[in-house]
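One structure is given below, encoded as structure tokens.
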Amino acid sequence: MSNDLEQQLAAFARALEARSDQTEKYTASPQPPKHRAGLGALAMAGVAVVLLVVLPIVFFKPPEGASPTSTLLTPTTMPPTTWVPTTEPTASVIPGEGWAILGSTGITASDGTVIWAGNGTGRGRLVRDGGGGLVFTDSKGLWWMPGDTTEPHLVAEISGELIEVIPTSAGPVARIGSCPSTFVNLTDGGGAPERLGRINVNCETGDWGQVGRYDLYEDPDGLIWLHIIEFDMTTAWIPVGGPSYPSVRVEDFDGGRVLLSRRQGDLDDPPDDLWLVDLHDVSVVEIPFHRDEHTGAALLGPDDTDLPAPWEPSLEPPHRGDRTDFFDRLPVELRIDVQAEVEADEGTWLLSRPSSELSNLSGAWGCRVPGTDWCTLEYGEVLLLDASGSIVGYVPMPTVPPKWIAVGEEYVYAGAVGDGALPDSTLVRIDRETMEWCVVVFEADEPYEWAMPQEWIVIPMDDPRQALLAQMVRVDPFEGGNAVESVIGPRYVDLAAVDEFIDGVVGD
Amino acid sequence: MLYNGVHVDWPAVTTSESGFDAFFREVEPRVRAALCSAYGADVGAEAAAEALAYGWEAWERLSGMRNPAGYLYKLGRDRARRIRSRQGRSLPLFRGVVPLEDTWFEPGLPAALERLSERQRSAVILRHGYGWTLAEVAEVLGVSVPTVQKHTDRGLERLRRELGVDR
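Chains as they are written, first to last, in my numbering: chain A, 20 to 527; chain B, 892 to 1058.
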């Protein structure tokens, strides 16, 4: 590098630093940073005040005369003077990892361990106590199985839904009923003062969210998104429910994993299925679950302290298609399943389909992308990724996922080859410098125009230009044909002929 | 410290009782420089402040990470993009960045840097403006050394073209 430019850059860096020094900086301080409302700040008085102001319905005492949804009756155990959580119980039958499912026959862990075999009725949710133990309710009352015991014991004869268990210095406190709640100290079964909990319950809809950590959000099309937030940083948006499963609940969240249940009816019905989402790699696992036998589930082990990487949205791609904002919200792990890729100076060009995990989840919204007439499984796209793996450009291809791709001097070329399921074929040309694109559809069946962005050019079935496609894209090598990256076996494409064809079509 | 197989000379982050103070002194200038290089002094400094505030709150978790500086950079980058998005992208990145006394750079240099890709801009400024090693840049940006080299080379090449500077 020339010394001159190097010296200029050094001078620029000094000027940049000087300018940034003029801007307010965060300085290490024992005082809580301002403008923050994360979990770590929950214990801070200032944030507690904010939460009390923001969430009066959930956490304020009910007005005089209000009828509680749950009633505290007789405590059945004597209080110890102090309670020390057992983080790694030595005598515990509760595994330190995986998850556990509660039902009429007791509690079973994901590794097959029967944590507790007990028949009962009216069981509901299963909640960790923060010290290696588990808490649940049934028709008799509130039960607690501390981490160093092998049997649960009845803490109090109380009815109502178990919302959460809040670790406190005096022992874990169970919150029963949502609007309003009753708080029970598990160590003595006695009442506990109203406390800040983590769960925020919307008393009108019954929806839950964990303050500052996750929320369930229903968009205008009825799609339910799980929104994971850590310290004001979005970690993920994951679609988890919709018209087929309109009721979703987070059963447990440990910072790195989410255990959620879905129901076809309302939240009072037993769950239909359980899903485990690992936020580190956004893997999604369906957990076998028998609706008639099981009522709740919880993760096992301590909270996950290794924060998942924050979610990165797509970078304002220049070419949005109809409803592709659905895909823009997805973590790349759910959005991208690489079919083929080619390297170029500007980055990596991919042919991509939605991941199989998204396809599994899409059962919740009946396959079709909300607000559109096309199915998640029919979607494909041409993506440009930068060196860090971020999406910097894309061309959405609903109903015609491309099957081959090639990089030319000026353009990137791709195309779909029609098959029995998705019969239309396409030619796609993208300017590598400007990202301007052109999609030509060779119609082979009933028009799919309802699915197509308006800018697409359609060659009707009876148009003589249909015959040109077979001359430009072939299975066997031919003069002028370039071998391209293909997901359907060898393909050879005459890129010069494609240019000529597209220039002609656009000119029309 | 080994990062992507390359030795980095920065001192290891301490996890002692006053760990955050030591971590802060060492990491704050790096995270701020990296964010200011990518998003300009105003947005970068604000994003760095947010990221470091997060670091204070989440110190227990952060101190166990392999590359906490890189993690804070990513958090800051997320914040900076949102700030930029809110402000509108037409605002110049390097508004108010003018040569200090006894120094000089082309008046067109800030605009030329702005026209580079985000990654190229960071790599060029950190490597050749601040004089960091490739490994140091790679650690904070959370990418590999070859990636930094590639972006630095391409960014410099484009700068030379735009500014009419010979090799």
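Using N, Cα and C, we set each Cβ at its ideal position, and we do this for glycine too.
Taking C-beta atoms under 8 Å as the contact rule, E948/B and I974/B fail to qualify, at a distance of about 20 Å. For C457/A, the enclosing beta strand (DSSP E) starts and ends at 456 to 461.
The closest CA to that of E360/A, considering only S371/A, L353/A, D518/A, P350/A, is found on S371/A.
With respect to the C-alpha of A913/B, the residue from L1000/B, P959/B, R1006/B, D1044/B having the closest C-alpha is P959/B. Restricting attention to E25/A, Q27/A, G260/A, I218/A, the CA atom closest to the CA of A383/A is found in G260/A.
Counting along the chain, no beta strand (DSSP E) covers A328/A, and no H or E run does either.
In the DSSP assignment, R387/A is bridged to C394/A. When secondary structure is reduced to three states using DSSP, M164/A falls in the strand class. Linking G149/A to A440/A through their CA atoms gives a straight-line distance of about 51 Å. Nearest CB-CB separation between P321/A and chain B: not below the 9 Å threshold.
For the options E455/A, G434/A, R268/A, the alpha carbon positioned closest to that of T224/A is the one of R268/A. Each residue's CA atom was taken as its position, placing V357/A and H172/A some 52 Å apart.
Rounded to whole angstroms, V918/B and E352/A show a C-alpha spacing of 30 Å. Contact check for K422/A against V506/A passes: the beta carbons are separated by less than 9 Å. W995/B sits exposed, since fewer than 16 C-beta atoms from the chains shown fall within 10 Å of its C-beta. Counting only residues of its own chain and dropping the five nearest sequence neighbours on each side, S1013/B has a CB closer than 7 Å to the CB of A925, S928, A929, L1032. Taking one beta carbon from each stretch, the stretch 176 to 186 of chain A and the stretch 138 to 147 of chain A have 3 or more pairs nearer than 8 Å; the two touch. If you draw a 10 Å sphere on the C-beta of Q473/A, you find fewer than 16 other C-beta atoms in it, and that means exposed.
Between S374/A and R387/A, the gap from beta carbon to beta carbon reaches 9 Å or more. Cβ-Cβ separation between A932/B and S409/A: approximately 23 Å, too far for a contact (criterion under 8 Å). Distance check between A425/A and each of L242/A, R510/A, L318/A places R510/A closest, using alpha-carbon atoms only.
The beta carbon of R33/A falls within 9 Å of a beta carbon belonging to chain B, placing the residue at that interface. If you draw a 10 Å sphere on the C-beta of M480/A, you find fewer than 16 other C-beta atoms in it, and that means exposed. Residue G390/A holds the alpha-carbon nearest to the alpha-carbon of D240/A among G390/A, Y430/A, D300/A. If you draw a 10 Å sphere on the C-beta of V304/A, you find fewer than 16 other C-beta atoms in it, and that means exposed.
The C-alpha of G366/A lies about 14 Å from the C-alpha of E428/A. Distance from the CA of K1041/B to the CA of Y264/A, rounded to the nearest whole angstrom, comes to 47 Å. Under the three-state reduction of DSSP, G382/A is assigned to helix.
Below the 8 Å Cβ cutoff, chain B contributes no neighbours of P239/A, its closest Cβ being approximately 22 Å away. In this structure, the alpha-carbon of S381/A lies about 19 Å from that of D234/A. In the structure shown, L1032/B adopts helical secondary structure according to DSSP, grouped into three states.
Boundaries for Y930/B: no beta strand (DSSP E) harbours it, while the alpha helix (DSSP H) harbouring it runs 910 to 930, taken from the DSSP string. Counting along the chain, the unbroken alpha helix (DSSP H) around V525/A starts and ends at 514 to 526. The alpha-carbon of G955/B is positioned some 8 Å away from that of D325/A.
Not flagged as an interface residue toward chain A: I974/B, since no C-beta distance is shorter than 9 Å.
Contact note: R1010/B reaches chain A through D405, A406, S407, using a C-beta cutoff of 8 Å and chain order.
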